[in-house]
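Numbering (the working numbering), first residue to last: 103 to 371.
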């Protein structure tokens with residue numbers, strides 16, 4: 103036979119009931135249920151075998167047995183039912199702290215959203231610059247536009263003119279000033295200083311006779327006259343520029359006669 107699951111009689115149980123086994127079992131179970139109401143660990147410690155054995159020993163009082171069973175079922179249901187806090191809280195990983203709230207950074211505007219404004223601004227600037235270029239071209243005197251030395255190689259100047267004169271021509275190339283590439287003008291002091299050097303170079307070979315072939319002196323005379331025509335244009339003096347360019351064009355056979363003639367034709371246009 104299996105071992106009797108009922109607990110042995112204790113002095114407290116004997117004093118609370120008679121020597122009847124059923125009364126002792128009922129008293130024992132009732133005491134456990136009372137303890138379970140105070141601590142649910144007692145109800146979890148009761149095994150099904152102990153409960154059945156105790157109920158079987160309860161006297162034939164159906165109401166007493168039903169009351170004990172109802173108390174037992176109620177306590178077990180309360181012990182296994184999740185609390186309201188547990189049912190409302192989502193499950194979390196064991197051993198992991200709850201997630202920290204994420205600080206959301208302000209969302210920057212997309213470059214694609216800003217692009218239409220940038221494109222519009224660039225278009226406005228381009229149109230404004232084009233308008234200024236047209237205005238600059240229309241208002242700047244023709245003489246200033248023709249005064250550039252880009253078509254005069256510095257190497258040719260250095261070969262045809264004395265070193266000091268060639269150095270002054272190199273400085274003359276930096277005399278032009280502009281504002282964003284518009285409204286060109288020339289530094290008057292630099293222009294006048296270079297004119298002084300070029301006049302001296304021209305006078306030094308002015309009275310030399312012309313030969314059948316252009317000589318070094320004739321080339322120097324033609325180049326100096328051509329450059330003096332350019333400096334007169336830088337000062338917006340077309341009348342003086344024409345006189346010097348005609349002098350250069352008269353130096354037949356030199357490499358500066360034809361450029362002087364072309365420049366005169368542009369002034370007459």
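The beta carbon of each residue, even a glycine, is placed where N, CA and C say it ideally should be.
Relative to the C-alpha of residue 329, which residue among 291, 275, 243, 171 is closest?
Nearest to residue 329 by C-alpha distance, out of 291, 275, 243, 171, is 275.
Residue 189 to residue 221, Cα distance in whole Å?
Caution is warranted here: a pLDDT of 48 is assigned to residue 189, below 50, making its placement in the model unreliable, and the coordinate value is therefore given only provisionally. About 57 Å.
Chain-order list of residues whose beta-carbon lies under 7 Å from that of residue 360 (same chain, five-residue window excluded)
Counting only Cβ-Cβ distances below 7 Å, and skipping sequence neighbours, we find nothing.
To the nearest angstrom, report how far apart residue 357 and residue 252 are at their CA atoms.
Rounded to whole angstroms, residue 357 to residue 252 spans 16 Å at the Cα level.
Only counting the same chain, and skipping five residues up and downstream in sequence, which positions put a Cβ closer than 6 Å to that of residue 325?
The answer, listed in chain order, is 262, 358.
Looking at residue 284: is its Cβ nearer than 7 Å to the Cβ of residue 234?
With a cutoff of 7 Å on beta-carbon distance, residue 284 and residue 234 are scored as near each other.
Restricting to Cα atoms, I'd like to know which of 349, 287, 302 is closest to residue 335.
Here the closest residue by C-alpha is 287.
How is the alpha helix (DSSP H) around residue 301 delimited, first residue to last?
Counting along the chain, the alpha helix (DSSP H) containing residue 301 begins and ends at 290-306.
Integer-rounded CB distance, given that residue 362 should sit under 8 Å from residue 351
Their Cβ separation, rounded to whole angstroms, is 4 Å, which keeps residue 351 and residue 362 in contact under 8 Å.
Member of 318, 247, 230, 175 whose CA lies at the smallest distance from the CA of residue 258
Measuring from the Cα of residue 258, the nearest candidate turns out to be 318.
If I follow the unbroken beta strand (DSSP E) through residue 281, where does it start and stop?
Element bounds for residue 281: 278-281.
By how many angstroms is the C-alpha of residue 296 removed from the C-alpha of residue 305?
Taking the straight line joining both Cα atoms gives about 14 Å.
Cα-Cα separation between residue 366 and residue 271, rounded to whole angstroms:
Looking at the two C-alpha atoms, the distance is approximately 21 Å.
Might you give, ordered along the chain, the residues of its own chain that have their beta carbon closer than 7 Å to the beta carbon of residue 354, omitting 5 neighbours on each side?
Nothing listed; no residue qualifies.
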